[in-house]
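The block underneath contains the structure these notes are about, expressed in structure tokens.
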Amino acid sequence: MSSLARPPDSEGPVTAFHSAAAPPTAGDAAAPAIASDNSDLFNHVQSVLNTYLTSSPLYSLLLSTLALSSASPSCVALTLTVLPVHVNSKGVLHGSLSAALVDLVGGLTIIAAGSAKTGLSTDMHVSFAGSAREGETLWIEGRAERVGATLAFTRVRIEKEVDGAAERALVAMGSHTKYVR
Numbered sequence: 001m002s003s004l005a006r007p008p009d010s011e012g013p014v015t016a017f018h019s020a021a022a023p024p025t026a027g028d029a030a031a032p033a034i035a036s037d038n039s040d041l042f043n044h045v046q047s048v049l050n051t052y053l054t055s056s057p058l059y060s061l062l063l064s065t066l067a068l069s070s071a072s073p074s075c076v077a078l079t080l081t082v083l084p085v086h087v088n089s090k091g092v093l094h095g096s097l098s099a100a101l102v103d104l105v106g107g108l109t110i111i112a113a114g115s116a117k118t119g120l121s122t123d124m125h126v127s128f129a130g131s132a133r134e135g136e137t138l139w140i141e142g143r144a145e146r147v148g149a150t151l152a153f154t155r156v157r158i159e160k161e162v163d164g165a166a167e168r169a170l171v172a173m174g175s176h177t178k179y180v181r
């Protein structure tokens, strides 16, 4: 994958995190650098994410605060700040946003697994375990469990920061099967 590179029009720091602490910011001197073997993968996943965010009116509207935090083979981690457009009439995270995240992040895990395509949805399940409110930060972690010649199977966890990122609480989890041929 060494031929992959960050597109010139992409923005944001190329950093990774691997703990329950808050993701590093661009000006954070303690921000760990991505291991050199994962930087091309990170850039490739970021490029695919940028394409989706700019070419889909739905993703542009709903996921403007979505940020890729790390990428490794078959795994991605992202954060999202909950905005007013993300909540339902009760003021909590709308289930359709959780489903959209399972769909998009599932596709990104397939890319991180080395597939050229994010796939077409054939089956998706979302279980809702908690809630999140406007202003809270969500952590979305996805894993490609298996990517075959025809189907890919992914899992996505959506958690929210609790007590300033000292711990997290489960908001939703999903499984997603995609046709990748």
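Taking UniProt numbering, the leading residue of the sequence shown gets 1, the next gets one more, and so forth.
From the three backbone atoms N, C-alpha and C, an ideal C-beta is built for every residue, glycine too.
Since the structure is predicted, the reported quantities are computational estimates derived from the model, not experimental observations.
DSSP places Asp-163 outside both helix and strand once states are collapsed to three, so it counts as coil. With a beta-carbon spacing of about 4 Å, Val-92 and Ser-131 fall inside the 8 Å limit used to define contacts. Judged by beta-carbon spacing, Leu-80 lies beyond the 9 Å limit of Leu-49, meaning their Cβ atoms are not closer than that value. By the neighbour-count definition (other C-beta atoms within 10 Å, threshold 16), Ala-166 is an exposed residue. The continuous beta strand (DSSP E) containing Leu-138 extends over residues 137–147. Judged by DSSP in its simplified three-state form, Gly-91 adopts coil rather than helix or strand. Residue pairing by DSSP puts Gly-174 in a beta bridge opposite Val-126, Val-156. For Leu-58, the enclosing alpha helix (DSSP H) has its first and last residue at 57–62. Assignment of Val-82 by DSSP, reduced to helix, strand and coil, places it in the coil class. With a threshold of 16 other beta carbon atoms within 10 Å, Asn-88 falls short and is exposed. A contact between stretches requires three or more CB pairs, one per stretch, nearer than 8 Å, and the stretch 58–65 fails this requirement with the stretch 107–126. Per DSSP, reduced to three states, the secondary structure at Ser-96 is helical.
DSSP links Arg-133 through a beta bridge to Val-92.
By the CB criterion at 9 Å, Glu-141 and Val-85 fall outside the cutoff. Residues of the same chain with a CB within less than 7 Å of the CB of Val-162, apart from the 5 flanking positions on each side, are Arg-168, Ala-169 in chain order. With 16 or more other CB atoms across the displayed protein chains lying within 10 angstroms of its CB, His-44 is buried. Short of 6 Å from the beta carbon of Asn-38, and not among the five residues preceding or following it, lie these beta carbons of its own chain, in chain order: Ser-72.
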